[in-house]
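Student: For the sequence shown, position 355 (counting from the first letter as 1) is numbered 355 according to UniProt numbering, and the numbering increases by one without interruption.
Just so you know, even glycine gets a beta-carbon here, dropped at the ideal spot from N, CA and C.
Owing to the predicted nature of the structure, the values given are computational and were not obtained by experimental measurement.
If you scroll down you'll find the structure; I have some questions about it.
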Amino acid sequence: MVKFSPAFIDALLERTDLIRLVEGRVPLKKKGKDFWACCPFHQEKSPSFSVSPEKQIYYCFGCHAHGNAIGFLMAHDRLSFPEAVALLAEDAGVALPEEAAGQSVQEDLRPFRQILDKAVSLYRDALAKNPAAQQYWQSRGLHPEIITRFELGYAPPAANFLSQQLGKDENTRRALIGAGLVSSREDHSVYDRFRERVIFPIRDGRGHLVGLGGRSLDGREPKYLNSPEGPLYHKGQVLYGLHQARDGLRRVNRAVLVEGYLDVITLHQAGLDYAVAASGTALGESQLQMLFRAAAEILLCFDGDAAGRKAAWRAVQMAPELLREGRLLRVLFLPDGQDPDSLVREQGAAALEALFPTARPAIDFFLDELQRRYNIAAEDEKAQFLREAREFLQRINDTTLREVYLHKLQELCGLAFAIPSKTRRRDARVTASVQPSRGKEGPSLFKKAMRLLLNHPDDPAWQQMEKNLLPFASDPIAKKLDATLDILANMTHLSSHELLARLAGTDLAEFCYALVMSDAEGGEDGALLRNEIPECVYRINRRLSAARLDYMGHTADRSGLGALTEQERTEIVLSTRRGRHKRPES
């Protein structure tokens with residue numbers, strides 16, 4: 001029996017759109033930042049079933065059903081855990097692991113990740129020693145800070161550069177091949193895949209190195225070369241720059257998708273730090289899903305030539321199922337002869353931003369392009385145009401948007417036809433959401449800490465928590481905080497999404513899912529919440545020290561030793577603080 005490692009489950013959930021999954025089975029209505037429906041797991045008249053596109057979890061405030069995409073399939077479709085995982089993997093285009101029981105995907109991939117990390121370090125060192133490569137980056141207007149941020153490097157011309165630096169033993173050879181860094185000859189010798197090229201390291205959305213892109217310095221073909229498909233790198237499921245764009249996407253709630261690596265880097269350097277690009281392939285549906293999970297608006301920014309229009313047409317073909325309430329997909333074509341890199345370098349970021357309002361809705365672009373293919377003045381071609389347009393519009397998930405464009409199509413063709421009953425039935429089944437009632441209990445410092453921890457587990461301030469003193473707290477939530485911190489103890493850079501996935505199936509899941517899904521608890525601005533973490537940790541540490549003092553005092557009284565002296569109290573405080581109770585700077 002195959003075991004699924006946490007790394008595989010994390011990757012699978014990262015590529016799964018829970019909203020789309022649930023909406024295929026339960027009609028959802030957007031209210032605020034989440035989607036609502038009458039719960040499919042118990043009878044109710046008012047919606048209390050909430051699904052979060054940001055956290056990729058669901059929670060019912062009525063029956064307390066909760067979980068992620070895997071849990072939903074298990075509960076709704078009555079599948080086993082392996083069956084649910086297999087169904088999600090098939091939908092996401094992810095191959096199931098084939099290793100034997102007891103081996104995890106994470107263990108199998110570790111040598112590849114380690115060798116890729118080492119190779120990137122070598123390429124960055126090689127850049128520092130090669131004036132020609134440095135001159136290339138300077139000619140593209142890149143500053144040292146942006147070169148460091150994107151870890152840009154240089155691969156020397158030697159065919160055995162990596163083998164000489166990293167070793168030629170069999171294990172290293174297998175790791176180099178598995179990571180896509182070298183190719184093998186018929187005599188089983190290996191040679192570097194990337195030679196005399198500037199190097200673009202490629203990270204996935206979680207920040208893991210998965211592959212490389214390389215551009216030739218002398219103009220030889222292929223001009224661009226990417227890592228081959230392999231255990232780490234699946235080009236259709238990676239967006240270049242997504243990891244570096246996370247903060248920008250969260251800030252503006254918009255993603256600008258461009259065509260090239262240098263477009264992304266130049267835009268980030270100019271302050272447009274929400275730009276990403278497809279990685280060595282045309283934009284795919286899973287990449288669009290990833291972007292819509294990160295931002296409500298996607299701006300497809302392409303060159304205005306034939307190739308750019310063709311790329312936009314392919315992208316828009318995938319859009320209807322992903323367009324739901326609150327999402328925008330627009331297409332922007334740049335002036336002839338310009339790409340984002342050249343435009344920003346020549347005219348500045350403001351020149352590109354000034355073009356954003358001219359971007360056209362993706363469906364308008366689709367209808368315009370379709371009209372180019374058919375002469376709707378001719379009745380037979382009008383019929384074909386109408387058939388293809390209606391088929392496309394029927395795939396749109398946003399019922400209001402679909403209705404608007406069906407009416408537009410009707411006016412365009414000069415015809416009158418009824419809106420399909422499918423639309424009306426679906427609208428009739430979607431009832432208004434009702435905000436769940438909440439208790440009147442006062443605010444809890446530990447409850448606030450849990451909310452902050454679940455939303456921002458990667459904040460370094462959590463390492464300052466006096467975790468060994470949590471058992472002295474009287475608040476029952478302190479135990480939940482302690483258990484959640486245990487999960488984080490040996491896992492660095494764990495995202496909110498990954499932490500909630502780790503909590504699924506545990507005794508903490510119901511409490512934690514209800515907490516993050518509550519508007520009253522999570523409605524504040526995310527940046528402001530993160531800023532509150534150091535002060536919250538400071539206050540908890542002080543409260544825990546006081547609780548321990550009280551406990552020691554009571555223990556002394558019961559044992560007949562009498563109350564603690566002032567000196568004993570001071571020694572206990574000093575022994576527990578260890579310099580960690582310093583109030584954070586405001």
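#1: Just to confirm before moving on: does the CB-CB distance between Leu209 and Pro222 stay below 8 Å?
#2: Indicate whether Ser286 and Gly93 have their beta-carbon atoms separated by less than 8 Å.
#3: Does DSSP classify His456 as helix, strand or coil?
#4: Run the CB neighbour count on Thr484, radius 10 Å, all protein chains shown included, and call it buried at 16 or more, exposed below.
#5: Which residue from Glu411, Pro53, Cys39 puts its Cα closest to that of Phe61?
#6: Nearest CA to the CA of Trp313: which residue from Phe366, Arg330, Leu73?
#7: Measure the CB-CB distance between Gln244 and Arg149 and report whether it falls below 8 Å.
#8: Could you tell me the alpha carbon to alpha carbon distance between Gln384 and Glu186, rounded to whole angstroms?
#9: For Ser184, is the classification buried or exposed, using 16 other Cβ atoms within 10 angstroms of its Cβ as the cut-off for buried?
#10: Who are the near neighbours of Tyr513 in its chain, counting only those whose CB is closer than 6 Å to its CB and skipping five residues on each side?
#11: If you draw a straight line from the alpha carbon of Leu212 to that of Gln371, how long is it in whole angstroms?
#12: Give the secondary structure of Tyr240 by DSSP, where H, G and I count as helix, E and B as strand, and everything else as coil.
#13: Determine, using beta carbons only, whether Ile533 and Leu445 come nearer to each other than 8 Å.
#14: Helix or strand or just coil, what does DSSP make of Phe4?
#15: How far does the beta strand (DSSP E) with Ser474 in it reach, from first residue to last?
#16: Hey, would you say Ala504 sits closer than 8 Å to Leu481, going by beta carbons?
#17: Relative to the C-alpha of Arg20, which candidate in Ala7, Lys45, Tyr405, Ser52 has its C-alpha closest?
#18: Report yes if the C-beta distance between Arg327 and Ala278 is below 8 Å; otherwise report no.
#19: Please look up how many angstroms separate the CB atoms of Leu242 and Met290, rounded, as I've assumed it's under 8 Å.
#20: To the nearest angstrom, how far is it from the Cα of Gly236 to the Cα of Ala275?
#21: For Cys39, does the three-state DSSP call read helix, strand or coil?
#22: Beta-carbon within less than 7 Å of Glu381's beta-carbon, same chain only, minus the 5 sequence neighbours each way: which residues are those?
#23: Expressed to the nearest angstrom, what Euclidean distance is found between the alpha-carbon atoms of Ala119 and Val190?
#24: For a test of the three-state rule: what should DSSP assign to Phe194, helix, strand or coil?
#25: Is it the case that the Cβ atoms of Pro457 and Leu494 are separated by a distance below 8 Å?
#26: Please return the same chain residues whose Cβ sits closer than 7 Å to the Cβ of Ala86, not counting the five positions on each side in sequence.
#27: Run through DSSP, which three-state label would Glu535 get?
#28: Please report the straight-line C-alpha distance between Leu453 and Leu73, rounded to a whole angstrom.
#29: Rounded to a whole number of angstroms, what is the C-alpha to C-alpha distance between Glu403 and Asn397?
#30: Ignoring anything shorter than 3 residues or poking outside the stretch 167-236, list the beta strand (DSSP E) runs there in chain order.
#31: Could you pull the start and end residues of the beta strand (DSSP E) that Leu257 belongs to?
#32: Look up Glu297 in the DSSP assignment and say whether it is helix, strand or coil.
#33: In terms of alpha-carbon separation, which member of Leu544, Asn226, Asp117 lies closest to Gln464?
#34: Along the chain, where does the beta strand (DSSP E) that runs through Gly153 open and close?
#35: Can you tell which of Leu267, Leu334, Gly153, Arg293 has its C-alpha closest to the C-alpha of Gly348?
#36: DSSP three-state label for residue 616, please.
Tutor: On the basis of the data shown:
#1: No, Cβ-Cβ distance for Leu209 and Pro222 is not below 8 Å.
#2: Yes; because the gap between Cβ atoms is below 8 Å, this pair is in contact.
#3: When DSSP states are grouped into helix, strand and coil, His456 belongs to the coil group.
#4: Its Cβ being crowded by 16 or more others within 10 Å, Thr484 is buried.
#5: Per the Cα distances, Cys39.
#6: It is Phe366 whose Cα lies nearest to the Cα of Trp313.
#7: A contact, by the Cβ cut-off of 8 Å.
#8: For the pair Gln384 and Glu186, the Cα-to-Cα distance works out to about 53 Å.
#9: It counts as exposed.
#10: Result list for Tyr513: Ile57, Tyr59, His66, in chain order.
#11: Each residue's Cα considered, the two are about 40 Å apart.
#12: Per DSSP, reduced to three states, the secondary structure at Tyr240 is strand.
#13: By the CB criterion at 8 Å, Ile533 and Leu445 fall outside the cutoff.
#14: Phe4 carries a coil assignment under DSSP once its states are collapsed to helix, strand and coil.
#15: From DSSP, Ser474 is part of no beta strand (DSSP E); its letter is neither H nor E.
#16: Note that the C-beta distance between Ala504 and Leu481 is not below 8 Å.
#17: Considering only alpha carbons, the answer is Ser52.
#18: At least 8 Å separates the beta-carbon of Arg327 from that of Ala278.
#19: Indeed they touch by this definition, with Cβ atoms about 7 Å apart.
#20: Approximately 17 Å between the Cα atoms of the pair.
#21: If DSSP states are grouped into helix, strand and coil, Cys39 belongs with coil.
#22: Answer for Glu381: Tyr374, Asn375, listed in chain order.
#23: Ala119 and Val190: Cα-Cα distance of roughly 15 Å.
#24: Note: Phe194 maps to coil in three-state DSSP.
#25: Judged by beta-carbon spacing, Leu494 lies within the 8 Å limit of Pro457, meaning their Cβ atoms are closer than that value.
#26: Listed in chain order, the non-local C-beta contacts of Ala86 below 7 Å within the same chain comprise Leu96, local neighbours out to five positions each way being set aside.
#27: Helix.
#28: Our two residues, Leu453 and Leu73, have alpha carbons roughly 27 Å apart in a direct line.
#29: Taking C-alpha positions only, Glu403 is separated from Asn397 by approximately 11 Å.
#30: Restricted to the stretch 167-236, the beta strand (DSSP E) segments that are unbroken, complete and at least 3 residues in length are 182-184, 190-192, 197-203, 209-216, 224-226, listed in chain order.
#31: Looking at the DSSP string, the run of the beta strand (DSSP E) that includes Leu257 is 254-258.
#32: DSSP places Glu297 in the strand class (E or B) of the three-state scheme.
#33: The shortest Cα separation from Gln464 among Leu544, Asn226, Asp117 belongs to Leu544.
#34: Boundaries of the beta strand (DSSP E) around Gly153: 153-155.
#35: Ranking the options by Cα distance to Gly348, first place goes to Leu267.
#36: Here the chain comprises residues numbered 1 to 586, so residue 616 is not present and cannot be evaluated.
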